[in-house]
Every structure is written in C-alpha cells, then in structure tokens.
C-alpha cells in the first residue's frame with residue numbers, strides 16, 4: 378500500500394501499535410509530547426519537522442519570523458500538556474547558497490523566543506540540503522503531571538483559548554497580496570500567522586490547578602484536533618457555531634464563509650481543553666491569570682454521536698474540509 | 378557571505394558564540410551531545426539529521442538497514458560521551474509514493490536496535506516530503522558524568538576502538554558493483570557500512586572507570602574528528618601510520634592506498650579517546666569487558682605542533698582530504 382492511501386494518521390497508528398512502550402515511558406507515540414520518567418521526575422519531549430515548500434514558504438515569512446514560528450509550534454505542543462520548556466535541540470538542513478546573515482536571523486528568532494520562554498538551545502545538527510529543513514526537539518518539565526488528550530468525559534465543557542481562524546486568514550492575505558501592509562486588521566491577521574503565541578502560561582496554569590482534563594493544541598484546525606481529543610477520550614462533541622471566538626479582523630476578512638476558517642483553518646496554536654462542569658467557577662476566577670481569554674464553545678457527548686457543529690437553531694452544519702493529512706493531501 | 382564560504386564548522390562556531398548557555402546546561406553546542414541537568418541528574422541529548430541523497434542513498438541500503446544505521450549514528454554520539462541511551466524521538470519526512478511496507482521495515486530496524494540498546498521510541502513527527510528525511514533525537518543518562526572532547530592533555534595516549542576505514546571501503550564497493558555478494562571479505566566491509574556498531578558498552582565503561590579523558594566518535598574520518606578533539610582539548614597530535622588498526626578485508630581491498638581510507642574515510646563510528654599514560658595497565662585489564670579491541674595509535678602533543686601522521690621512520694605523511702564539511706563540499 379502507498380502511504381498516500383494509508384494517510385498520516387494511519388501510519389502513526391501502525392507505528393504506535395508496533396512499538397513497545399518501554400521502561401520509564403508514561404506516554405509514548407500519539408499525544409502532543411512524550412511523557413517519560415527521569416528519576417521520578419516527569420519530562421516531556423516533543424519534536425516537529427518543518428520543511429520549506431510544505432510547512433512554510435520563504436516568500437511569506439522572513440528568516441527571523443520563521444525562527445520565532447518554529448519554536449512557537451514546538452512550545453505549543455508542550456503548552457498543550459501543561460509543560461514548562463527547558464531545553465531545545467535544533468537540527469537544520471540548509472541550502473548551501475543561503476546567506477550566512479539569513480541563517481543568523483533565523484537563529485535570532487529562535488534565541489529570542491527561547492529566552493522569553495526560559496529555554497536554552499543546547500545542540501543539534503547541521504547539514505546541507507536542497508530545501509530548508511528544520512527539526513526542533515524540545516525537552517520540558519511537567520511538575521504537575523501532564524494533561525493528555527484522553528481525560529475528557531461525556532458532559533464536560535469544551536473551551537478554547539484566544540480566537541480561531543486568524544492565522545488561516547493571515548496566510549490567505551499574504552498569498553493574495555503578498556504585501557505586509559500597515560493596515561491594522563490585515564497586520565493583525567498576518568502577525569497571527571507569522572508570530573503565533575504558544576499558550577504556555579495558560580497550559581501550565583490549567584495543569585497546575587487541575588482544571589483541564591483533556592487538552593490539545595489546535596495546529597491542524599479545530600475540527601481535526603477536536604477529533605484527536607475525542608478519539609483519545611472516547612467521546613463525541615457538539616460545537617456551537619455561534620459561540621466560536623472570532624476576532625474583529627476575522628469578521629471583517631472572512632467574507633461569506635462565516636466561521637468555516639475558524640473550524641478548519643490550521644496554525645492557530647490555541648489550546649482546546651475539556652473541563653468538568655463543576656469547575657466553571659474556578660476557571661472563571663483564574664481567567665485573568667491565564668494570559669489569554671478562554672471561551673466555552675461546546676461540550677463532550679457520547680462517542681456514537683460523533684462530532685457536530687450546530688447553528689443557533691440547533692441544526693447541524695456540515696464542513697467538508699476536516700484539516701490536514703500530510704500524506705493524503707499529496708505533494 | 379554564503380554558507381559555502383563560511384562552512385559547516387564556521388556556522389556552528391557562530392551559533393555557539395551567539396547562544397547563551399542557559400540554566401541547567403553543563404555542555405551546550407559543540408560536543409557530541411548536550412549535557413543538561415534534570416534534578417541533579419545528568420541527561421545527554423543528541424540529534425542527527427539524515428537526508429536522502431546526502432547522507433544515504435536507497436540504492437545502497439535497504440529500509441531496514443537504514444533504520445538500524447540511523448539509530449547507530451545517534452547512539453554513537455551518546456557512546457562518545459559515555460552515556461546510556463533511554464528515549465528516542467524520531468521525525469520523518471516521507472515521499473508520499475513510498476510503500477507503507479518500506480516505512481514499516483525502516484521502523485523495524487529502528488525498533489530492533491532500540492530494544493537491543495534498552496531504549497524506547499517515544500514519539501516524533503511525520504510529514505510528506507520530496508526526499509526521505511530522518512531526524513533522530515536521543516535522550517540518555519550519564520550516571521558517571523559525560524566524557525567531553527576537551528579533557529585531553531599533552532603526553533596523553535590516543536586510542537581507537539575497532540578497526541578504521543572498513544565503512545568507507547564498504548561504500549566504495551557498493552557503489553562500484555552495487556551487488557551484495559556472499560564473499561566474506563566484501564560482505565564484511567559492506568556490513569560495516571550498513572550496520573555500524575555504536576560502541577555503547579566501551580564508551581560507558583571508559584566513563585565509569587574514568588579512563589577516557591577526552592572522547593569523540595569517528596563519523597567524519599579519523600583526522601577530522603581528531604581535529605575536533607585536539608581543538609577542544611587545546612593540544613596537537615601525532616598518529617603513527619603503522620599503528621592504525623586495519624582489518625584483514627581492509628588490507629585486501631584498499632589497494633595501494635595504504636591507510637588513507639582509515640585516516641579520512643567517514644562513518645566508522647568507532648571511538649577515539651585520550652588516556653593518561655599511567656592508566657595503560659588499567660585499560661589493559663579492562664580490555665575484555667569493552668566488547669571491542671582498542672589500539673594505541675598515537676599521542677597528544679603541544680597544540681603548536683598541529684596534527685601529524687608519521688610513517689615507520691618518523692617522517693610526516695600528508696593526506697589531502699581531511700574529512701567532510703557539509704556546506705563547503707556543496708551540493
């Protein structure tokens with residue numbers, strides 16, 4: 378069978394099934410980060426591979442932006458487990474014709490975000506390559522025990538941080554015009570694409586206070602990542618279309634597509650988590666310390682009900698695109 | 378400046394200089410692995426990026442072999458610091474036209490070697506890509522404190538494990554004939570290329586017994602890696618041409634090139650280490666437990682004397698190729 382028939386998630390599932398868990402491994406393949414033991418201390422490890430022409434295009438982002446974004450993507454995985462970043466290992470494949478200054482700008486982005494997150498760049502590998510390749514691995518601590526994707530229960534509320542769909546619209550604007558304008562709304566959407574914010578503070582606090590029961594970061598679109606959370610938690614979900622948090626710029630620029638970019642657009646790097654209904658009050662009180670607003674967008678239901686998006690009248694809406702599969706979408 | 382002018386090691390040096398060390402970091406950029414603290418426990422982290430067409434060619438190795446080799450390369454870095462492997466994170470870029478079975482054979486190689494080394498595959502990332510890309514990150518323990526490249530002193534002996542140059546000859550034979558023959562000597566050389574052995578047992582024992590003072594694995598050719606060790610230790614080195622450990626098959630197949638492949642050929646994944654002269658007896662006694670023979674090949678001298686290879690008459694020999702620079706050799 379060709380990979381494009383099996384798909385990315387089919388492959389991951391096969392690898393997971395064939396891989397023994399091993400000593401000291403609390404969570405292996407299949408969550409946002411691996412959770413391993415180091416002398417009775419919980420460590421999280423997460424890795425992301427970014428490839429020029431597939432994950433990013435140097436037409437739409439500067440080397441500095443790319444450095445920031447590379448790291449934000451990884452930190453978002455850690456945030457989704459309530460972890461605190463500590464060490465970064467960065468392996469790069471670099472075309473030999475690149476300017477040294479450009480590579481240094483990339484590292485400047487990396488260093489700035491690393492330093493802001495209390496993380497140290499400790500090593501990696503470099504090689505020549507045809508396209509620019511970035512493989513970033515982050516090791517972090519999970520002092521309160523990580524939050525996995527699997528703790529959701531029927532009846533739980535579903536929340537997201539921030540607003541959804543801004544990044545997808547930002548990329549769309551970049552691709553259409555390609556110009557980085559000064560116009561506030563456009564600049565906002567583009568910056569949400571180029572400088573996503575990993576919700577480290579919110580993730581750690583939700584873990585520390587034991588509020589989030591299941592958590593995932595939204596990198597491939599809300600519906601797809603909600604699907605992962607539901608599968609791991611063995612629940613279904615109802616999402617209220619009217620409740621989705623949309624920014625002002627999103628409303629101006631999404632045209633007649635309503636919330637569809639917010640449901641299926643990628644690279645938001647917001648957190649999606651489930652909360653027991655009895656904890657609503659505690660979450661409310663914590664709100665200000667999270668560093669980002671949170672919005673209740675739906676609830677967990679029985680698995681057999683699947684995932685539904687309901688309009689204000691309670692009627693189900695359908696969304697054809699359900700996110701991104703690296704292999705199935707092809708090259 | 379273009380990267381191909383600065384070169385791989387120039388780039389690494391620039392990155393190292395610009396990167397603050399950070400909390401908990403004992404050794405950052407520039408050794409075989411990073412050495413970080415986790416609750417007063419020493420962790421080692423090492424990462425390697427392997428790219429189809431640059432580091433490997435699927436013409437010369439099966440997916441299973443490639444899986445084994447990928448891991449051996451990483452484990453060798455850990456061995457060179459006297460570490461014990463624990464966790465593996467593997468990120469792959471895979472062409473969508475690859476067969477699922479091939480990818481599974483690759484993982485079989487990974488799993489077999491991981492399991493033999495007491496290591497667990499805990500996660501990673503997968504993506505579509507034009508060429509096959511492998512980024513493997515290994516986290517390990519260093520219970521006896523890691524051996525760095527910088528502990529060599531003038532007067533120290535220099536030793537290597539195993540034999541040198543076999544892998545380079547094996548690759549040459551593969552490229553010429555391309556046929557995996559049953560002939561013993563040829564099969565041996567090819568297997569040294571396709572299935573290198575990370576010297577984990579030797580590395581850990583040399584660290585535990587505090588015998589190796591400076592250590593590095595030979596991945597880019599003896600002379601180049603010796604250069605790294607000498608630079609970090611601020612010493613020079615004399616290598617005795619006649620003392621280089623060459624296998625029987627090497628002697629049969631190296632033709633009139635003598636030890637030149639052993640000095641400059643890549644991918645041996647043997648260990649090079651320095652030893653205080655007074656420890657020769659202790660090393661002798663330990664020999665059998667190392668799992669591989671060790672050979673004294675030279676000694677550390679004053680830095681200003683540089684690195685020399687001497688023939689039986691004590692005359693210096695010159696070797697034009699000094700290993701591999703990913704950027705300078707170009708694509």
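Residue numbers (the working numbering), protein chains in the order written: chain A, 378 to 708; chain B, 378 to 708.
Where is the CB? At the ideal position from N, CA and C, for every residue including glycine.
- Taking 7 Å as the Cβ-Cβ cut-off, the region 644-663 of chain A has no residue approaching chain B.
- A residue is called buried when at least 16 other Cβ atoms come within 10 angstroms of its Cβ; residue 451 of chain A meets this threshold and is buried.
- If you ignore the 5 residues before and after residue 418 of chain A, its C-beta comes within less than 8 Å of the C-beta of 518, all in its own chain and listed in chain order.
- Look at residue 440 of chain B here: in three-state DSSP terms it is helix.
- Around the Cβ of residue 474 of chain A, a 10 Å sphere holds fewer than 16 other Cβ atoms; the residue is exposed.
- The alpha-carbon of residue 658 of chain B is positioned some 39 Å away from that of residue 399 of chain A.
- Look at residue 378 of chain B: its C-beta is under 8 Å from a C-beta on chain A.
- DSSP links residue 693 of chain B through a beta bridge to B:687.
- Counting only Cβ-Cβ distances below 7 Å, residue 418 of chain A has contacts in chain B at 415 and 416, in chain order.
- As summarised for the region 618-697 of chain B, the continuous alpha helix (DSSP H) elements at least 4 residues long and confined to that stretch are 625-630, 637-641 and 657-663, given in chain order.
- Contact of residue 449 of chain B with chain A is not assigned, every C-beta pair being separated by 8 Å or more.
- Just measuring C-alpha positions, the residue of A:595, A:508 and A:605 sitting nearest residue 435 of chain A is A:508.
- Here residue 484 of chain A is not near residue 422 of chain B, since their CB atoms are 8 Å or more apart.
- Residue 621 of chain A is not a Cβ neighbour of residue 696 of chain A, given a cutoff of 8 Å.
- Inclusion of residue 500 of chain B and residue 689 of chain A in the CB contact set at 8 Å is not warranted, their separation being larger than that value.
- In the DSSP assignment, residue 537 of chain A is bridged to A:649 and A:672.
- Only residues of its own chain outside the window of five on either side were considered, and among them 547 have a CB closer than 8 Å to the CB of residue 568 of chain B, listed in chain order.
- Neighbours of residue 476 of chain B in chain A, taken as residues whose beta carbon is under 8 Å from its own, are 378, 379 and 380 in chain order.
- For residue 584 of chain B, the uninterrupted alpha helix (DSSP H) run begins and ends at 577-585, by DSSP.
- Pairing residue 579 of chain A with residue 646 of chain A, the inter-Cα distance amounts to about 12 Å.
- In this structure, the beta-carbon distance from residue 406 of chain A to residue 525 of chain A does not fall below 8 Å.
- Beyond the five residues adjoining it in sequence on each side, residue 666 of chain B comes within less than 7 Å, by CB distance, of 582 in the same chain, given in chain order.
- Within the same chain, 459, 521 and 524 come within 6 Å of residue 584 of chain B by CB-CB distance, once the 5 residues on both sides are set aside.
- If you ignore the 5 residues before and after residue 575 of chain B, its C-beta comes within less than 7 Å of the C-beta of 449, 452, 453, 456 and 646, all in its own chain and listed in chain order.
- Flagged as an interface residue toward chain B: residue 502 of chain A, by a C-beta distance shorter than 8 Å.
- If you look at residue 517 of chain A, you'll find it in the beta strand (DSSP E) that goes 510-518.
- Per the Cβ contact rule, the region 622-636 of chain A is in contact with the region 527-544 of chain A (3 or more Cβ pairs under 8 Å).
- In this structure, DSSP gives residue 598 of chain A a state outside helix and strand, which the three-state scheme calls coil.
- Shown here, residue 502 of chain B sits in a strand according to DSSP, grouped into three states.
- Under the 8 Å criterion on CB atoms, residue 442 of chain A is classed as non-interfacial with respect to chain B.
- One thing to note: residue 682 of chain B has its Cβ within 8 Å of the Cβ of residue 613 of chain B.
- As DSSP reads the structure, residue 426 of chain B sits in a beta bridge with B:512.
- Cβ proximity to chain A below 9 Å picks out 423, 424, 425, 426, 427, 428, 430, 431 and 432 from the region 423-441 of chain B.
- In this structure, residue 498 of chain B places its C-beta atom within 8 Å of the C-beta atom of residue 396 of chain A.
- In the three-state DSSP reduction, residue 416 of chain B falls in the coil class, being neither helix nor strand.
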